[in-house]
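Each remark here refers to the structure printed beneath this line.
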Amino acid sequence: MNKAVLTLDVQDFINKNLNTNAAKIALAKSPFHEVSSAELAAQIRAKKKSEKKLPTWFNTPCIFYPATLSIEQTSSEITARYKASIVPGDTLIDITGGFGVDAYYFAAQNKEVVHCEINKALSAIAQHNAQELQACNIVFLNKDGIEFVKQENAHWNTIYVDPARRGSTGKVFRLADCTPNIPEHLESLFAKTNRIILKTSPLLDIDAGLKELNYVKEIHVISIKNECKELLWIMEPGFSGDLKITATTLNNQTKSFSFYKKDLKHLSSFAEKIVYGLFLYEPDAAILKAGVQDSIASLYHLNKLNTNTQLFISKDIETDFPGRIFEIIKVMDTKEVKKKMNLQGNVVVRNYPAQAEELIKKYAIKPAKEQFLIFCKNSDEKNIVIEAKIIQYY
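Residue 1493 is where the sequence shown starts when you use the working numbering, and the numbers rise one by one after that.
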């Protein structure tokens, strides 16, 4: 960590060049003796990436930024704030501390937070930034978090861990393939805490995760703007009750729904008619990932479009619904679509034998702002196209 980066002149240069091509700065001669052009470019790239994801850091003077990969991998402030809201207590240890965003928000809800980070440079950066952010109740340790917990004669209310996937780029992975390997160390961690909170990518299959873990009490599925961001697995040693699943959408309004696994519903009521004036509901990505879409539909008295089409119909508008709501304008079969000229709309495909790109090309569909063309199947297994206007995005 080059502290010369934090001088006023260098910080002023970084702030004035946030919209400058960082590659050009990296190739140009540095105007500073103690800071290289590569360092300037790296700070500019990372700070720019933080503007929307980490506004508190972005707007705080003299923040030192790590490599952009660390910014990409860290929690956003929105999700970190949510995590902190579900783990109040006295003591928490983050054994994969990273850039320190989660630790900062945990510190607002806990008396003491320990931040363990094995990377020396990243640990120093997180510690410096915590001082700038006036987070005084975080202890920073440049240590392997797993080994520290095992060796320390201490007990924490919560152990938090965010393992990294090891060299896996596919959509399927196991917790045992991550670093640290949490299933391997669970029993050692349980000996030192009342609660483990594990953050994983939403790519992890929930049933597969449950097979690798023990004593899972709750699973939280978090999304922002219909994009699933995180899964949180809350484990308590010895827990043997029913699993609680919570799906939360973090947009302008937070919408959170919890169900016990034994109470999850499976809809058998289907929409017999899909006509002008009815409303079509598309559950948020968090709802679908959590597998609670039928329970949500039951809560709002919605009828399903098709067994395998996760769309629902109602004559009423329920703005508390977590997901998109459309007003149906027209329902067409594929023959009618072929005859239509100047088709316009954003194409959505659900349980339909073609991809969106194919349909756009096939029917020469032009984009539109609020108009949608939803290609799907009805309850009779017929391919249909619903022309609709969006009235709620999230």
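A virtual CB, placed ideally from N, CA and C, is assigned to each residue, including glycine.
Model, not experiment: these values are computed from the prediction.
- Beta-bridge partners assigned by DSSP to W1549: none are found.
- When DSSP states are grouped into helix, strand and coil, I1821 belongs to the strand group.
- Taking 8 Å as the upper bound for CB-CB distance, L1681 and P1675 are not in contact here, some 11 Å apart.
- For a cut-off of 8 Å, the C-beta gap from Q1884 to A1860 is around 17 Å, too long to register as a contact.
- Approximately 7 Å separates the beta-carbon atoms of E1604 and V1631; this is inside 8 Å, confirming the contact.
- Bridge pairing for G1581: N1602 [DSSP].
- In the three-state reduction of the DSSP assignment, T1571 falls in the helix class, which pools H, G and I.
- Note on Q1619: 16 or more other CB atoms within 10 angstroms of its CB, so buried under the neighbour-count rule.
- Burial state of Q1847 is exposed, judged by a 10 Å Cβ sphere holding fewer than 16 other Cβ atoms.
- Taking C-beta atoms as the reference points, Y1886 and G1783 fail to come closer than 9 Å.
- Looking only at Y1844, Y1792, E1764 and A1778, the smallest Cα-Cα distance to T1801 is reached by Y1844.
- Distance from the CA atom of D1786 to the CA atom of E1774, rounded to whole angstroms, is 12 Å.
- In the DSSP assignment, H1677 falls within the unbroken alpha helix (DSSP H) covering I1674 to F1682.
- Segment contact: the segment 1727 to 1736 against the segment 1679 to 1693, three or more CB-CB distances shorter than 8 Å; contact assigned.
- The beta carbon of F1813 is closer than 7 Å to those of Y1773 and Y1792 in its chain, skipping five residues each way along the sequence.
- When secondary structure is reduced to three states using DSSP, K1521 falls in the coil class, being assigned neither helix nor strand.
- Relative to the Cα of V1497, the nearest Cα in the group S1522, V1767, N1513 and N1511 belongs to S1522.
- Note on geometry: alpha-carbon atoms of K1736 and S1750 lie some 7 Å from one another.
- Under the Cβ criterion (8 Å, minimum of three pairs), the segment 1555 to 1565 counts as touching the segment 1535 to 1543.
- Residue state for V1708 is assigned as strand, using DSSP reduced to three classes.
- Here L1500 is exposed: its Cβ has fewer than 16 other Cβ atoms, across all protein chains shown, within 10 Å.
- The criterion of a C-beta distance shorter than 9 Å is satisfied by A1599 and A1627.
- One Cα belongs to R1658, the other to L1695, and the distance between them is close to 14 Å.
- Beta-bridge partners of F1762 (DSSP): K1796.
- Beyond the five residues adjoining it in sequence on each side, S1748 comes within less than 7 Å, by CB distance, of T1738 and T1740 in the same chain, given in chain order.
- Taken in chain order, the unbroken stretches of alpha helix (DSSP H) that lie wholly in the segment 1612 to 1638 and span 4 residues or more are 1612 to 1624.
- Straight across, the Cα-Cα distance linking P1655 with N1645 is about 23 Å.
- Distance from L1546 to V1593 at the Cβ level is roughly 6 Å; contact confirmed, criterion being Cβ atoms closer than 8 Å.
- The three-state secondary structure of T1826, taken from DSSP, is helix.
- With contacts defined as CB atoms closer than 9 Å, E1879 and V1823 qualify as a contacting pair.
- Looking at the DSSP output, D1586 sits in a beta bridge with H1607 and Y1652.
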